[in-house]
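Asks: Positions 660 to 1302 (the working numbering) are the ones given, in order, by the sequence shown. Don't be surprised by glycine CBs; every beta carbon is placed ideally from N, CA and C.
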Amino acid sequence: MSNFQPKALRRRALLADVLPFEVPIVFTNDFFFASTLKLNVGQQAAHALQLLRDHNGFTIPHSYSIVKDRGRSTQLSIVHPIVQIRWADFIDQYAETILTYCRKGDVSLRHPFSIVTQHATAPLEREATARDGLPHELLDEGVPDFSRMSSYFRLRKYNIVSKFVESREMIKLEKRFSHMITLDVSKCFYNIYTHSLSWAVKGKRFTKSELGAFTFEDEFDALMQAANYKETNGIVVGPEVSRIFAEIIFQQIDKELIEKLDQDGWSRRKYAVHRYVDDYFIFSNNAADLEHIEKRLAACLERFKLYLNTDKRSISQRPFVTPISRLKRDIVGIIGSVSREILQVSKVPGFIEHKAVAEDIRQKLRDLRLAVAPEEVGFHNISGWLMWKLRKICSDSILLLRSAPDEQAKDSASHIVAAVMELAFYITALDCRVRTGFNLTLLLAQVFPTLESDKSEQSDFLQNLIFEEFVDLTDVVLTSRDIEGVEVCNLMLAGAHIFRSRYVRLRLVENSLQNLANKIGSYTAYLTAKFCYLKDEVHFARELEELNKSVERHIIRSSLNFKEDTQLYLLVCDLISAPDVDVQRKQRVLDHVLAKERASGTIGHITASTATELARLVGFVDWYGVRLRHTLARRQLRGAREY
């Protein structure tokens, strides 16, 4: 636990733990978190902000689908910001209790085990740590900087399951056991019964006898229901808080499984059980033992109304080497040789074989493309990891371009950068998911500013190549995906941010933006269209005005309560925060959503100065993308996330 946990930062779980990883790239809780701290604002603005977040009933999450793997989709949810605050308060209040309930045994491969320090220790690129756009001016002097904060809890042991599969621990298990079975809990989060948390903590019989008593588990149960229509069957998918809730339940299931096997007279030397979230890895020396453990596990799960997915059941014999592991080994060899060649060139000024080296690297990258072709592996399993590797290679090759001593060296370096970028676009086209898009955007944000500042023929060549590749990718994705999908919107947001008016004025993009603008009531469509239009406000002046009118009309005519409906709440907040919306419209919207409070005399008519202040407090979109690279880079620090 950190030695210094100032009261002002106790809600820092808002920064990372209450949202899904897969959200629009310009969506951030940084402004939201800043607005919960001590602020230098007027009295009416402070009062209005409090009223906008005053609600203790149930809420409706903003749910959306993302592409998962092999074309399958999964539904994620952004929880209502009002509930997010309650979640953050709960995590801070009961942090030690959560840690205690997550230490019941040694089965779990991923669980909270301590409270992290306030700031991430992993390095960010210097340019990515700029605090531009973060509302620090709202904070009192002496409040610590939170621009580098990551997750509330530190996780043990593995932040991604592939690290376990490739670990020394797996090798030790392989030495001891000849057989392994992998099992998956069917639709785990969608089927978790919220009351089962009490069963996990206190036992079902005791829980039923103590109905109405105020306890940690009952409050956690109530918060999960408050985030999801007050439903008891199923919890929202995406936020780390949901994983913590599930982990407490699974810790008890693990404990009961081991107790059952102890009662069977089984020594722990006879088997091993490990679990990563809802995936089980069971080891023994024969298939019969594995089946026995599987039956015991199924019975333990059933007591909590959870069941195994028989379609994902797999038995293997040692060595437990997966096709993914073999593919990664091959790729590491190719990537390593490319990195070494780039390093060699950078250390030998005027190296006469620049051209040969560039062609050799291009050939190796072609080999890499062939290596990832096998269908049995599933490209989604390695695409994020591969893009992460390519970012490092591209960073090195850009340095090579900047330090090239002559035109020949610049030509060679530019061809290396081109080869890397072509492969990155190829990977994204093959596996266009949110995570792949994040990595591509980071890659472009890393490369493009350098190219724009380098006034050379080689830089012009690379800028045009990258732009053409991006337009081709946009065309491919727009013709094959739902235009409101996060993957599609993120691609358009990235294009608008990197290429600005050159991209958003393309007929293909303009038509798509108009289609998004016509989807009244869709928050993702609104923020995407608005962000892109703002890249050329003069050209899109009419479209921006029409979009603002239609969203205002939707808010005023909606029969939903914005304090209950997350999507409507986000629309209200980001219409108010948008820089192009005039203050009179912001006043009208605020007066409308606070009509009950105004009628009761709790607050008066919202003044222009209050509307202006609230515009800096309530938003969730970084409208000009000034912190985009920082936001994406910081996500890579989160131990709870994958590449």
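List the endpoints of the continuous alpha helix (DSSP H) containing Val1306.
Replies: Here the chain covers residues 660 to 1302 and nothing more, so residue 1306 does not appear.
Asks: Ignore the nearest five residues each way along the sequence and tell me which others in Thr981's own chain have a CB closer than 7 Å to its CB.
Replies: Answer for Thr981: Val824, listed in chain order.
Asks: Going by the DSSP bridge assignment, what does Asn699 pair with across the sheet?
Replies: According to DSSP, Asn699 bridges with nothing at all.
Asks: Which residues mark the beginning and the end of the beta strand (DSSP E) in which Ala931 is found?
Replies: Ala931 to Tyr935 is the span of the beta strand (DSSP E), which, as asked, contains Ala931.
Asks: Could you give the C-beta distance for Ala1104 and Arg1288, rounded to a whole number, given that I count them as a contact under 8 Å?
Replies: Sure, about 4 Å apart at Cβ, within 8 Å.
Asks: What separation, rounded to the nearest whole angstrom, lies between the Cα atoms of Lys971 and Leu696?
Replies: The alpha-carbon atoms of Lys971 and Leu696 are separated by roughly 46 Å.
Asks: Give a yes or no on whether the minimum CB-CB distance between Ala1237 and chain B is below 8 Å.
Replies: Of the chains in the structure shown, none is chain B; there is only one protein chain.
Asks: Alpha carbon to alpha carbon, what distance is there between Val1240 and Asn818?
Replies: Their Cα atoms are separated by approximately 42 Å.
Asks: Where does Ile1179 fall in DSSP's three states?
Replies: In this structure, Ile1179 counts as coil in the three-state DSSP scheme.
Asks: Label Ile1307 either buried or exposed according to how many other C-beta atoms from any shown protein chain fall within 10 Å of its C-beta, with 16 as the threshold for buried.
Replies: Missing from the structure shown is residue 1307; the chain here goes from 660 to 1302 and no further.
Asks: Using C-beta distances below 8 Å, list every residue in its chain close to Met1080, excluding the 5 sequence neighbours before and after it, in chain order.
Replies: Closer than 8 Å at Cβ, skipping near neighbours: Cys1053, Leu1102, Val1106, Leu1121, Leu1124, Ile1125 and Glu1128.
Asks: Taking the CB atoms as reference points, tell me whether Asp938 and Thr841 lie closer together than 8 Å.
Replies: Yes, these two residues count as a Cβ contact at 8 Å.
Asks: Output yes or no for whether 8 Å exceeds the beta carbon distance between Leu1186 and Val1280.
Replies: For Leu1186 and Val1280, yes; Cβs fall inside 8 Å.
Asks: Do Asn1098 and Met1046 have their beta-carbon atoms positioned less than 8 Å apart in this structure?
Replies: Yes.
Asks: Going by C-alpha to C-alpha distance, which of Ser1042, Glu1111 and Ser1118 sits closest to Ile1086?
Replies: With distances taken between Cα atoms, Ile1086 lies closest to Ser1042.
Asks: Should Pro1064 go down as buried or exposed, given a rule of 16 or more other Cβ atoms within 10 Å for buried?
Replies: Exposed, since its Cβ has fewer than 16 Cβ neighbours within 10 Å.
Asks: DSSP beta-bridge partners for Ile941?
Replies: In DSSP, Ile941 forms a bridge with Ile840 and Val932.
Asks: Just to confirm before moving on: does the CB-CB distance between Lys1194 and Arg1159 stay below 8 Å?
Replies: In this structure, Arg1159 lies closer than 8 Å to Lys1194 by Cβ.
Asks: If you draw a straight line from the alpha carbon of Asp791 to that of Phe686, how long is it in whole angstroms?
Replies: Unreliable positioning characterises Asp791 in this predicted model, as indicated by a pLDDT of 33, which lies under 50. The coordinate reading is nonetheless provided below. Whole-angstrom Cα-Cα distance: 15 Å.
Asks: Exposed or buried, what is Asn1170 when buried is set at 16 or more other beta-carbons lying within 10 Å of its beta-carbon?
Replies: The residue is exposed, with fewer than 16 neighbouring Cβ atoms inside 10 Å.
Asks: Across the region 738–756 and the region 671–686, are there enough close Cβ pairs to call them in contact, namely three or more that are closer than 8 Å?
Replies: Yes: at least three Cβ pairs fall under 8 Å.
Asks: Spatial neighbours of Leu758 within its chain, please: C-beta separation below 8 Å, excluding the five flanking residues on both sides.
Replies: These residues qualify, in order along the chain: Pro771, Phe772, Ser773, Ile774 and Phe812.
Asks: Give the single residue among Ala1017, Asn699, Glu878 and Asp913 whose Cα lies nearest to the Cα of Glu953.
Replies: Cα-wise, what sits closest to Glu953 is Asp913.
Asks: Could you spell out where the beta strand (DSSP E) holding Ala1203 opens and where it closes?
Replies: Correcting the residue identity first, residue 1203 is Leu in this sequence and not Ala. Not the beta strand (DSSP E): Leu1203 falls in the alpha helix (DSSP H), residues Ala1200 to Arg1216.
Asks: Buried or exposed: where does Lys1114 fall if 16 or more other Cβ atoms within 10 Å of its Cβ makes it buried?
Replies: By the 10 Å Cβ count, Lys1114 comes out exposed.
Asks: Nearest by alpha-carbon distance to Val738: which of Tyr753, Ala885 and Arg815 is it?
Replies: Considering only alpha carbons, the answer is Ala885.
Asks: Determine, using beta carbons only, whether Gly893 and Leu735 come nearer to each other than 8 Å.
Replies: No. Outside cutoff.
Asks: Where does the unbroken beta strand (DSSP E) through Tyr1228 begin, and where does it stop?
Replies: Run containing Tyr1228: none in the beta strand (DSSP E); it sits in the alpha helix (DSSP H), Thr1225 to Ser1236.
Asks: Hey, would you say Leu1249 sits closer than 8 Å to Ala1270, going by beta carbons?
Replies: Yes.
Asks: Just tell me which of Leu1049, Ala704, Asn688 and Phe909 has its CA closest to the CA of Gly995.
Replies: Minimum Cα distance to Gly995 is reached at Leu1049.
Asks: Which whole-angstrom value describes the C-beta separation of Arg670 and Asp751, a residue pair presumed to lie in contact below a C-beta threshold of 8 Å?
Replies: That belief holds up - the Cβ atoms of Arg670 and Asp751 are roughly 7 Å apart, short of 8 Å.
Asks: Terminal residues of the continuous beta strand (DSSP E) containing Leu814?
Replies: That run of the beta strand (DSSP E) goes Phe812 to Lys816.
Asks: Could you pull out every unbroken alpha helix (DSSP H) segment of at least 4 residues lying fully inside the region 957–984, listed in chain order?
Replies: Taking only runs of at least 4 residues, no alpha helix (DSSP H) segment lies wholly in the region 957–984.
Asks: Tell me whether Ala1258 is buried or exposed, calling it buried when 16 or more other Cβ atoms sit within 10 Å of its Cβ.
Replies: Counting Cβ neighbours within 10 Å, Ala1258 comes out exposed, since fewer than 16 surround it.
Asks: On the CB-based measure, 16 or more other CB atoms within 10 Å of its CB, does Gly1284 come out buried or exposed?
Replies: It counts as buried.
Asks: Using the beta-carbon count (16 or more within 10 Å), is Thr1261 buried or exposed?
Replies: Classification of Thr1261: exposed, given that the 10 Å Cβ count is below 16.
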